[in-house]
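Residue numbers (full-length UniProt numbering): 1 to 93.
The next block holds one structure in the form of structure tokens; read it before the comments.
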């Protein structure tokens, strides 16, 4: 699977985990040079506290377009630090 935004591959892996129709990419498969930490957080009742990244590709930013769970609840331990995308990021095989 590939995550593509602004004509760049942000992440690529054969080992994504699908949760609630979102592909979560292993952290090592995500190109860190395109990620900027943000102060945004949301709470999922069963996964826990999510943290977000803003994508910065070719001088354009996509605010809070990626999220991950650094310390998920037990039910979501299998996606610890895996990264998912939205806000126009294309997920394709």
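By construction, the Cβ of each residue, glycine as well, lies at the ideal position given by its N, Cα and C atoms.
Small disclaimer: the values here were computed from a predicted structure and weren't measured.
Apart from the five residues on each side of it in sequence, which residues of its chain come closer than 6 Å, Cβ to Cβ, to residue 92?
The residue you call residue 92 lines up with position 92 of the chain shown. Closer than 6 Å at the Cβ level, and outside the excluded window around residue 92, lie 2.
Short of 8 Å in beta carbon distance, which residues of its chain neighbour residue 75, apart from the five on each side in sequence? Order them along the chain.
Stepping through the chain shown from its first residue, residue 75 is reached at position 75. Here the set comprises 46 and 47.
Leaving out five residues before and five after residue 61 in sequence, what residues of the same chain have Cβ atoms less than 6 Å from its Cβ?
Taking the first residue of the chain shown as position 1, residue 61 is located at position 61. Around residue 61: 54.
Go to residue 24, then tell me how far its beta strand (DSSP E) extends in each direction, as first and last residue.
Working through the chain shown from its first residue, we reach residue 24 at position 24. Counting along the chain, the beta strand (DSSP E) containing residue 24 begins and ends at 22-24.
Which residues in the same chain have their Cβ closer than 7 Å to the Cβ of residue 73, if we skip the five residues on either side of it in sequence?
For this step, residue 73 is matched to residue 73 along the chain shown. Taken in chain order, the residues that qualify are 46, 47 and 48.
Taking the alpha-carbon of residue 32 as reference, which of 89, 79, 44 and 9 has the nearest alpha-carbon?
Mapped onto the chain shown, residue 32 falls at position 32. Of 89, 79, 44 and 9, the residue nearest in Cα terms is 9.
When burial is assigned at 16 or more other CB atoms within 10 Å of the CB, is residue 23 buried or exposed?
Here residue 23 refers to the residue found at position 23 of the chain shown. That one is buried.
Between residue 45 and chain D, is the shortest Cβ-Cβ distance under 8 Å, so that the two count as touching?
Protein chain content of the structure displayed is limited to a single chain, and chain D is not contained in it.
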